[in-house]
Each structure stands twice: as C-alpha cells, then as structure tokens.
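Here's the structure, in structure tokens; my notes come after.
Numbering (this note's numbering), first residue to last: 617 to 661.
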C-alpha cells in the first residue's frame, strides 16, 4: 500500500524525535554514571 506524502513526512519526523530523545537519555545516563564514579571515589577517599 502506498503512503501519502504526509504520512511519510510524519514518520520521518517521529524517527527524528525518537532519535533526539534517545540521545538525551544517553547523555543523562552518562552524566549519572560519571557522578556515581565520582561519589564512589569520594567515599573511598
């Protein structure tokens, strides 16, 4: 079945949004991991 141009554009937009969200989550996860590593170092002294 053929997609309308609008449907195709919406899909493309959704994919971009999902990628942006994934990138943001990855950055947040990395920041948290760095914080945990830092705190562990501080605890061990």
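Where is the CB? At the ideal position from N, CA and C, for every residue including glycine.
State the Cα-Cα distance for the pair residue i and residue j, rounded to the nearest angstrom.
i	j	result
residue 654	residue 645	14 angstroms
residue 635	residue 648	20 angstroms
Helix, strand or coil: how does DSSP classify residue i here?
i	result
residue 649	helix
residue 618	coil
Between residue i and chain B, is the shortest Cβ-Cβ distance under 8 angstroms, so that the two count as touching?
i	result
residue 658	The displayed structure is made up of one protein chain only, and chain B is not part of it.
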